[in-house]
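Worksheet for the structure shown next.
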């Protein structure tokens, strides 16, 4: 037993008169400090929402790519037709 535990037990004995049973087992456990669990991190977004956002970004990229290729082909057609 550590000195702190002995001191705490001494204070408890001063304030409380212990009645010990004549038969059976006597069990006393004193926990003087709290034990905290490791914090669990929860995702802010669900996996389904992340997949939907990824699909949205992918379709936006495809549309942007189509627009740029269409604009470049339109520009080449206009340049070729005016000559």
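Residue numbers (our numbering): 42 to 124. The beta-carbon is built from N, C-alpha and C at its ideal position, and this holds for glycine as well. What you are looking at is a predicted structure, and each value in this text was computed from that prediction instead of being measured.
- Using alpha carbons as the reference points, say which of 114, 73 and 80 lies closest to residue 47. For this step, residue 47 is matched to residue 6 along the chain shown. If we check each option's Cα against that of residue 47, 73 comes out closest.
- Can you check whether the CB of residue 71 is closer than 9 Å to the CB of residue 49? Locating residue 49 in the chain shown gives position 8, counting from the first residue. Locating residue 71 in the chain shown gives position 30, counting from the first residue. Yes.
- Item | Collapsed DSSP secondary structure at residue 61 in the structure displayed | Here the question's residue 61 lines up with position 20 in the chain shown. Correct three-state label for residue 61: coil.
- Item | Distance CB(residue 86)-CB(residue 94) smaller than 9 Å | What you label residue 86 is simply residue 45 of the chain shown in a count that begins at 1. What you label residue 94 is simply residue 53 of the chain shown in a count that begins at 1. Cβ atoms of residue 86 and residue 94: closer than 9 Å.
- Query: Where does residue 115 fall in DSSP's three states?
  - Reply: For the purposes of this step, residue 115 is identified with residue 74 of the chain shown, where counting begins at 1. The answer is helix: DSSP assigns residue 115 an H, G or I state.
- Helix or strand or just coil, what does DSSP make of residue 66? Along the chain shown, read from residue 1 onward, the residue named residue 66 stands at position 25. Three-state DSSP puts residue 66 in coil, outside helix and strand.
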